[in-house]
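The block underneath contains the structure these notes are about, expressed in structure tokens.
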Amino acid sequence: MQKHLLFLLFLLFFGSSLYAIDPIDITQRSTVDTSLVPFYHGVASGDPTPNAVIIWTRVTPETPGIVNGNWRVALDTNFTSVVQSGTFSADSTQDYCVKIDVSGLQPNTWYFYEFTALGRNSLTGRTKTAPVGGINQLRFAFVSCSNYPNGYFNSYDRIKERNDIDAVLHLGDYIYEYGTGVGSPRTDQLPNYEILKLADYRQRYSTYRLDPSLRKAHQQYPFITVWDDHETANNSYSNGSDNHTPGTEGPWNLRKSAGQEANDEWLPKRLQETGNTNKIWRKISYGNLADIFMLDTRLYDRSLQGGNANDSNRHIIGNEQMQWLKTELINSTAKWKILGQQVMMGNLTPFGITVNNDQWDGYNAERKKLYDIILNNNIKNVIVLTGDIHTAWAMDLPYNTATYNANTGAGSVGVEFVCTSVTSSSSPIALDPLYPLVSALLPHIKYVDLFKKGYGILDLKDTVAQGNFYSVPTVAALNPGQAYETGYYTLANTRWLKKASAASVKIDPSFYQAPENPRQTIVTGIKNKSNDLIVLSAYPNPFIDRISIQFNTASNANLDLKLYDISGKLVKQMDLGYLTKGLYNKTIMLDDLASGAYKIVLSNNNEIIERTIEKF
Numbered sequence: 001m002q003k004h005l006l007f008l009l010f011l012l013f014f015g016s017s018l019y020a021i022d023p024i025d026i027t028q029r030s031t032v033d034t035s036l037v038p039f040y041h042g043v044a045s046g047d048p049t050p051n052a053v054i055i056w057t058r059v060t061p062e063t064p065g066i067v068n069g070n071w072r073v074a075l076d077t078n079f080t081s082v083v084q085s086g087t088f089s090a091d092s093t094q095d096y097c098v099k100i101d102v103s104g105l106q107p108n109t110w111y112f113y114e115f116t117a118l119g120r121n122s123l124t125g126r127t128k129t130a131p132v133g134g135i136n137q138l139r140f141a142f143v144s145c146s147n148y149p150n151g152y153f154n155s156y157d158r159i160k161e162r163n164d165i166d167a168v169l170h171l172g173d174y175i176y177e178y179g180t181g182v183g184s185p186r187t188d189q190l191p192n193y194e195i196l197k198l199a200d201y202r203q204r205y206s207t208y209r210l211d212p213s214l215r216k217a218h219q220q221y222p223f224i225t226v227w228d229d230h231e232t233a234n235n236s237y238s239n240g241s242d243n244h245t246p247g248t249e250g251p252w253n254l255r256k257s258a259g260q261e262a263n264d265e266w267l268p269k270r271l272q273e274t275g276n277t278n279k280i281w282r283k284i285s286y287g288n289l290a291d292i293f294m295l296d297t298r299l300y301d302r303s304l305q306g307g308n309a310n311d312s313n314r315h316i317i318g319n320e321q322m323q324w325l326k327t328e329l330i331n332s333t334a335k336w337k338i339l340g341q342q343v344m345m346g347n348l349t350p351f352g353i354t355v356n357n358d359q360w361d362g363y364n365a366e367r368k369k370l371y372d373i374i375l376n377n378n379i380k381n382v383i384v385l386t387g388d389i390h391t392a393w394a395m396d397l398p399y400n401t402a403t404y405n406a407n408t409g410a411g412s413v414g415v416e417f418v419c420t421s422v423t424s425s426s427s428p429i430a431l432d433p434l435y436p437l438v439s440a441l442l443p444h445i446k447y448v449d450l451f452k453k454g455y456g457i458l459d460l461k462d463t464v465a466q467g468n469f470y471s472v473p474t475v476a477a478l479n480p481g482q483a484y485e486t487g488y489y490t491l492a493n494t495r496w497l498k499k500a501s502a503a504s505v506k507i508d509p510s511f512y513q514a515p516e517n518p519r520q521t522i523v524t525g526i527k528n529k530s531n532d533l534i535v536l537s538a539y540p541n542p543f544i545d546r547i548s549i550q551f552n553t554a555s556n557a558n559l560d561l562k563l564y565d566i567s568g569k570l571v572k573q574m575d576l577g578y579l580t581k582g583l584y585n586k587t588i589m590l591d592d593l594a595s596g597a598y599k600i601v602l603s604n605n606n607e608i609i610e611r612t613i614e615k616f
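Residue numbers (the working numbering): 1 to 616.
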């Protein structure tokens with residue numbers, strides 16, 4: 001009887017999910033680029049190793065059935081130097097998502113990849129393998145909390161345009177389970193109700209991946225991801241969630257497994273155990289400079305929030321994951337040990353009052369266990385990267401706040417950078433007057449911003465690591481602006497933060513980006529929709545003394561470049577001459593300009609393209 005009941009529950013929750021997303025739901029959406037048919041959701045890559053990387057796409061067929069196709073990886077966008085290739089089959093059982101673990105690659109190398117099916121090419125994706133041995137610098141963007149109805153993903157656009165990073169670390173809340181709220185800037189989210197079943201989660205991921213800003217970021221960089229609570233339901237833990245009522249919404253384990261399955265289908269991550277979507281903690285190594293440990297503080301072994309934080313039987317990562325992390329940290333030979341995880345690790349207990357027991361503060365015994373591992377084994381250069389709370393923070397991690405020395409940093413175990421949200425709600429107004437109070441009560445906290453939306457950049461060198469905070473001016477509409485807020489650094493072997501005088505910059509120039517439109521289709525008579533002139537990137541942005549502009553022209557033309565300051569005054573003009581159709585990179589020296597915002601205007605005979613840039 002029990003087996004029959006479980007089978008009925010399975011049918012209730014998963015029966016409808018065996019079907020792919022209705023193509024009608026795709027083609028009628030405002031965010032859809034029909035020129036991408038049948039690869040409407042673009043491409044993505046993730047979890048790079050020195051010789052392998054995951055590449056991803058989704059095929060949306062007009063009629064259900066098995067779709068066969070091809071993939072290939074090359075050193076160039078024309079695919080004249082193909083290094084790996086193969087075939088794939090996709091059907092409704094994996095929601096027509098395609099994940100290929102491409103091996104046999106070279107370390108620290110930019111590659112381009114594409115998929116072919118139903119007579120069409122996908123977008124060309126760009127990815128990069130991890131290095132081995134000695135390297136001079138690494139840069140990672142880190143993001144979290146992208147609630148679709150709450151606004152536009154301007155942070156993803158700015159990250160895409162920078163073109164100065166090696167990978168994007170997404171620290172969770174990639175999607176949200178809520179329905180579309182009244183008065184939301186974007187009302188086209190599907191489903192428009194709270195998601196519960198596998199079919200719901202799949203459709204929600206589809207909504208996100210049809211967003212042009214997110215699609216373009218995935219196209220240009222490998223992502224390294226973990227989930228947080230909203231990939232299932234708010235304030236979730238191993239056996240439940242604040243936002244789940246079993247009596248009306250069904251068994252939690254079915255909803256949890258539905259969220260985990262969709263996450264595995266739609267994100268380019270590599271499972272540590274084939275077929276086990278419940279385990280996502282893993283290590284990504286970047287030569288001798290960084291080991292990145294992506295943790296699960298949410299769904300695997302977390303105890304119910306609340307109760308005695310000092311109870312050793314309560315877990316946030318659990319014994320199995322803790323033992324794995326201990327072994328990996330002790331054996332790591334990399335200079336920097338990066339913990340990519342979901343909820344704030346640093347102490348936020350003014351007057352001994354736990355402000356948020358969903359954070360590590362609610363699991364103090366297990367936090368102390370981790371700190372003991374770090375200190376007892378003399379593990380240095382630990383940096384924690386965190387998302388979840390829609391606000392930005394930089395802090396030391398005191399073993400004991402009572403004995404921690406705020407002036408010298410003595411007593412700190414490591415440092416933590418918390419990125420604000422991409423769009424998710426935070427304080428409706430800037431609360432600057434609170435900052436001195438926070439610092440006075442909790443002096444290990446060096447920086448906090450409770451208002452702005454944006455992203456973080458982690459810059460790693462052999463002797464220093466710096467976290468840079470960037471904000472976008474609005475999420476209520478698409479907007480090209482951004483601002484550097486502040487930066488904090490830690491010297492190797494010191495375990496504490498100092499305020500930086502300026503943002504850190506990339507030493508070596510970045511590789512050119514992948515074109516924004518698919519290559520010529522295989523089937524004759526079908527043409528791609530294409531703009532005549534496309535600016536792919538202006539990088540680095542912000543810049544110091546020079547900026548590189550990458551653009552594509554679809555026809556032969558005379559090109560002119562002008563630079564205007566914020567008042568509209570023309571400050572520089574360049575005649576780029578007569579250029580044949582193709583992809584170009586131009587580097588412009590701008591060391592004579594004052595700090596501030598500028599507008600690049602690129603024009604040919606038919607079209608004018610603008611791009612906002614900023615000089616430090």
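Glycine included, each C-beta is placed from N, C-alpha and C at the ideal position.
Note that the structure is predicted; figures quoted are calculated from it, not measured.
Review point. Tell me, which residues are paired with K283 by DSSP?
Key: The partner list for K283 (beta bridge, DSSP) reads F293.
Check your understanding: Can you tell me whether Y470 is buried or exposed, with buried defined as 16 or more other CB within 10 angstroms of its CB?
Key -> A buried status is given to Y470, since no fewer than 16 other beta-carbon atoms sit within 10 Å of its beta-carbon.
Exercise for review: In the DSSP assignment, find the unbroken alpha helix (DSSP H) run with E273 in it and report its ends.
Suggested key: Careful: E273 lies outside any alpha helix (DSSP H) and carries neither H nor E.
**Study point:** DSSP beta-bridge partners of G346
**Key:** DSSP output for G346 lists no bridge partner at all.
Practice item. Could you have a look at R215 and say whether DSSP puts it in helix, strand or coil? Key: Note: R215 maps to helix in three-state DSSP.
Point to revise | Short CB-CB distance (under 8 Å) between S89 and chain C | key: Checking the listed chains, one finds no chain C in this structure; it contains a single protein chain.
Exercise for review: Return the first residue and the last residue of the alpha helix (DSSP H) that S206 is part of.
Suggested key: Bounds of the alpha helix (DSSP H) holding S206 are 198–209.
Check your understanding: Are the CB atoms of E231 and N192 nearer to each other than 8 Å?
Key -> The answer is no: Cβ separation not under 8 Å.
**Study point:** For I135, the nearest candidate out of L254, K506, N552, K581 (CA to CA)
**Key:** When each option's Cα is compared against that of I135, the closest is K506.
Practice item. Mark T245 as exposed unless 16 or more other C-beta atoms lie within 10 angstroms of its C-beta, in which case mark it buried. Key: Counting Cβ neighbours within 10 Å, T245 comes out exposed, since fewer than 16 surround it.
Review point. Does DSSP classify N528 as helix, strand or coil?
Key: Unreliable placement is indicated for N528, whose pLDDT of 40 sits below 50; the coordinate value is still reported in the next sentence. When secondary structure is reduced to three states using DSSP, N528 falls in the coil class, being assigned neither helix nor strand.
Exercise for review: To the nearest angstrom, report how far apart L536 and I457 are at their CA atoms.
Suggested key: Take the alpha-carbon of L536 and the one of I457: they are about 21 Å apart.
Practice item. Can you grab the Cα-Cα spacing for the pair V523 / V43, in whole Å? Key: Confidence is the limiting factor: at V523 the pLDDT is only 40, short of 50, which leaves the residue's position unreliable, though a coordinate-based value still follows. One C-alpha to the other measures close to 20 Å.
Practice item. Leaving aside the five residues before and after T612 along the sequence, list all residues of the same chain whose C-beta is less than 7 Å from its C-beta, in chain order. Key: Taking C-beta separations shorter than 7 Å and ignoring five residues to either side along the sequence, the partners of T612 in its chain run P480, G481, A597, K599, following chain order.
Check your understanding: To which residues does DSSP link D575 through a beta bridge?
Key -> Beta-bridge partners of D575 (DSSP): D560.
Practice item. Please confirm whether L460 and A290 have their CB atoms less than 8 Å apart. Key: Yes, these two residues count as a Cβ contact at 8 Å.
Review point. On the premise that S184 lies in contact with N150, defined as a C-beta separation below 8 Å, what is that separation, rounded to the nearest angstrom?
Key: Contact flag correct, Cβ pair sits at about 6 Å.
Point to revise | the stretch 276–295 contacting the stretch 329–340, beta-carbon criterion three pairs below 8 Å | key: Output reads yes: the stretch 329–340 touches the stretch 276–295.
Review point. Taking buried to mean at least 16 other C-beta atoms within 10 Å of its own C-beta, is K499 buried or exposed?
Key: By the C-beta density criterion, K499 is exposed, having fewer than 16 other C-beta atoms within 10 angstroms.
Review point. Hey, quick one: how far does the beta strand (DSSP E) through L254 stretch, first residue to last?
Key: Taken as a continuous stretch (DSSP letters only), L254 belongs to no beta strand (DSSP E), being part of the alpha helix (DSSP H) at 252–266.
**Study point:** Beta-ladder partner(s) of A465, from DSSP
**Key:** For A465, which the question treats as bridged, DSSP gives the partners L460, T490.
Review point. If we count the other Cβ atoms within 10 Å of its Cβ and call it buried at 16 or more, is P540 buried or exposed?
Key: Looking at its Cβ environment, which holds 16 or more other Cβ atoms inside 10 Å, P540 is buried.
Review point. Between the stretch 111–130 and the stretch 55–67, do three or more beta carbon pairs fall short of 8 Å?
Key: Yes, the stretch 111–130 is in contact with the stretch 55–67.
**Study point:** Three or more C-beta pairs below 8 Å linking the stretch 191–205 and the stretch 111–121
**Key:** Between the stretch 191–205 and the stretch 111–121, the count of Cβ pairs shorter than 8 Å is below three; the stretches do not touch.
Practice item. Flag this pair as yes or no: are the beta carbons of D91 and V73 separated by less than 8 Å? Key: No, Cβ-Cβ distance for D91 and V73 is not below 8 Å.
Point to revise | Helix, strand or coil at H230 according to DSSP, with G and I counted as helix | key: Three-state DSSP puts H230 in a helix.
**Study point:** Extent of the continuous alpha helix (DSSP H) run through A365
**Key:** Run containing A365: 364–376, per the alpha helix (DSSP H) assignment.
Practice item. May I ask you to report which of helix, strand or coil DSSP gives I522? Key: Below a pLDDT of 50, predicted positions are generally treated as unreliable, and I522, at 46, falls in that range; no measurement from the model is reported.
Check your understanding: How big is the Cα-Cα spacing for S241 and V168?
Key -> Rounded to the nearest whole angstrom, the C-alpha separation of S241 and V168 is 28 Å.
Exercise for review: Below 6 Å CB to CB, which residues in the same chain sit around D228 once its five sequence neighbours on both sides are set aside?
Suggested key: The answer, listed in chain order, is G172, D173, R298, Q342, D388.
Review point. Opposite F223 in the DSSP bridges: which residues?
Key: Answer is G46, V168, bridged to F223.
Exercise for review: Give the C-beta separation of T129 and Y96 to the nearest angstrom, bearing in mind that I take them to be a contact with Cβ-Cβ under 8 Å.
Suggested key: About 27 Å separates the two Cβ atoms, so there is no contact after all.
Review point. So what does DSSP say about N604, is it helix, strand or coil?
Key: Of the three classes helix, strand and coil, the one that applies to N604 here is coil, per DSSP.
Review point. In terms of alpha-carbon separation, which member of S35, K216, G306, Q321 lies closest to D361?
Key: If you compare the alpha carbons of S35, K216, G306, Q321 with that of D361, the shortest gap goes to G306.
Exercise for review: Buried or exposed for T587, please, with buried defined as at least 16 other CB atoms from any protein chain shown within 10 angstroms of its CB.
Suggested key: Classified as exposed, T587 has fewer than 16 neighbouring CB atoms from the shown chains inside 10 Å of its CB.
Exercise for review: For T49, collect the residues of the same chain with a Cβ closer than 6 Å to its Cβ; drop the 5 residues on either side in sequence, then sort them by chain order.
Suggested key: A distance below 6 Å between beta-carbons, with the five flanking residues on each side excluded, links T49 to the following residues of its chain, in chain order: A130.
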